[in-house]
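The opening position of the sequence shown corresponds to residue 2 in my numbering, with each subsequent residue numbered one higher.
We treat Cβ as the ideally placed atom computed from N, Cα and C, and that holds for glycine.
Owing to the predicted nature of the structure, the values given are computational and were not obtained by experimental measurement.
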Amino acid sequence: MNRVFFIKPENRSKEHLIDLFKKHPEIQFVSFMGVDIGGNATDEKIPISLFISDMDAMLKYGIQTDGSSVELQGIATLNNARVDMVPDLEATWFVDYNYDYYCDENGLPVGSLRIPAFLMHNEKLVCSRSILKRTEKVLDEAIKEIFNKKPELAQKYGFDKDEIDKIVLTSATELELWVNTPDDKANIDALSTSQSLKEQYWKRTHGTVRTVLEKCMHELERYGLEPEMAHKEVGGVASKVGSTGRLQHVMEQLEIDWKYAEA
2 MNRVFFIKPE NRSKEHLIDL FKKHPEIQFV SFMGVDIGGN ATDEKIPISL
52 FISDMDAMLK YGIQTDGSSV ELQGIATLNN ARVDMVPDLE ATWFVDYNYD
102 YYCDENGLPV GSLRIPAFLM HNEKLVCSRS ILKRTEKVLD EAIKEIFNKK
152 PELAQKYGFD KDEIDKIVLT SATELELWVN TPDDKANIDA LSTSQSLKEQ
202 YWKRTHGTVR TVLEKCMHEL ERYGLEPEMA HKEVGGVASK VGSTGRLQHV
252 MEQLEIDWKY AEA
């Protein structure tokens with residue numbers, strides 16, 4: 002049975018969502034997810050049955066939490082701690098699966114539909130995601146104003162100011178990770194020597210490390226992140242083959258890059 006990994010804005014009518022939940026009983030929770038100004042992610046988990054019954058209100062007004070769960074210094078205080086989590090209806094929602102807990106009905110991992118949300122306090126958006134949204138708007142307006150005041154700047158770069166439709170702030174994201182054998186500690190001298198001799202530069206991946214790299218790329222594709230390329234990074238030491246024929250003492254660094262996207 003095919004699992005759902007993400008939901009685009011165009012596929013989020015109430016009827017479509019209810020039908021989706023009926024077809025995928027493994028999606029058992031909805032999680033409103035916000036990021037405070039300290040960069041900490043917080044979420045409120047809701048049973049899917051409650052979300053279905055109160056879907057209209059939750060998607061319009063969000064849900065209530067308190068400031069003790071997030072870092073909002075100087076904003077949320079003990080006597081004024083209410084924080085609302087308002088869903089971002091323009092963002093892509095994704096399903097986070099718990100591979101240690103399985104659905105009794107179909108045997109698939111239990112999933113939580115994670116909905117990116119804004120943190121609101123006293124009717125003001127006070128989270129990292131809202132700051133980024135405002136930054137995009139200010140950047141768009143400021144650059145357009147500059148070109149309107151000085152159209153010769155646009156001509157210098159080979160276009161007309163009236164050709165500007167939108168200024169898009171993009172982010173190029175890469176995932177760097179380590180693959181290592183649990184409880185094995187690498188020798189610092191070996192790490193330093195490997196770095197100095199460039200032993201890990203432009204090497205092919207083998208065994209477990211190759212499997213990890215390929216599985217990660219498949220997982221990113223499932224979530225619509227469009228990975229472009231992956232390779233070994235410069236960190237780590239060469240693995241050794243044990244008496245069983247499998248790699249031991251693994252400690253290697255990997256990097257995966259994916260396509261540009263709007264911030």
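About 5 Å separates the beta carbons of MET230 and ASP258, which is inside the 8 Å limit, making them a contact pair. The DSSP-derived three-state label of LYS260 is coil. For HIS207 and GLU227, the gap between their C-alpha atoms comes out near 23 Å. When DSSP states are grouped into helix, strand and coil, VAL139 belongs to the helix group.
Pairing SER32 with SER113 gives a Cβ-Cβ distance under 8 Å.
Across the set SER172, GLU27 and ILE132, the C-alpha of GLU27 shows the shortest separation from the C-alpha of ASN99. Secondary structure of TYR62 (DSSP, three-state): helix. Distances from the alpha-carbon of TYR202 to those of GLU253, LYS145 and ASP161 put GLU253 closest. With at least 16 other beta carbons inside 10 angstroms of its own, ASP44 counts as buried. Here GLY35 is bridged, per DSSP, to THR43. Here DSSP, grouped into helix, strand and coil, assigns GLN254 to strand. Here the C-alpha atom of CYS104 lies approximately 24 Å from the C-alpha atom of PRO117. When C-alpha distances from VAL242 are compared across PHE52, LEU255, TYR224 and THR209, the shortest belongs to THR209. For LEU192, the three-state secondary structure derived from DSSP is helix. LEU154 has its alpha-carbon roughly 33 Å from the corresponding atom of GLU175.
For PHE119, the enclosing beta strand (DSSP E) has its first and last residue at 110-122. When DSSP reads this structure, ALA231 sits in a beta bridge with ILE257. Per DSSP, reduced to three states, the secondary structure at LYS15 is helical.
Counting the other Cβ atoms within 10 Å of the Cβ of PHE119 gives 16 or more, which makes it buried.
Within a 10 Å sphere around the beta-carbon of SER172 sit fewer than 16 other beta-carbons, which makes this residue exposed.
Here the alpha carbon of GLU164 sits roughly 29 Å from the alpha carbon of LYS9. Counting only residues of its own chain and dropping the five nearest sequence neighbours on each side, CYS128 has a CB closer than 7 Å to the CB of GLY35, VAL36, ASP37, ILE38, PHE119 and LEU120. Nearest to LEU18 by alpha-carbon distance, out of TRP94, HIS219 and LYS134, is TRP94. Taking every protein chain shown into account, the CB of SER195 has 16 or more other CB atoms within 10 angstroms, so this residue is buried.
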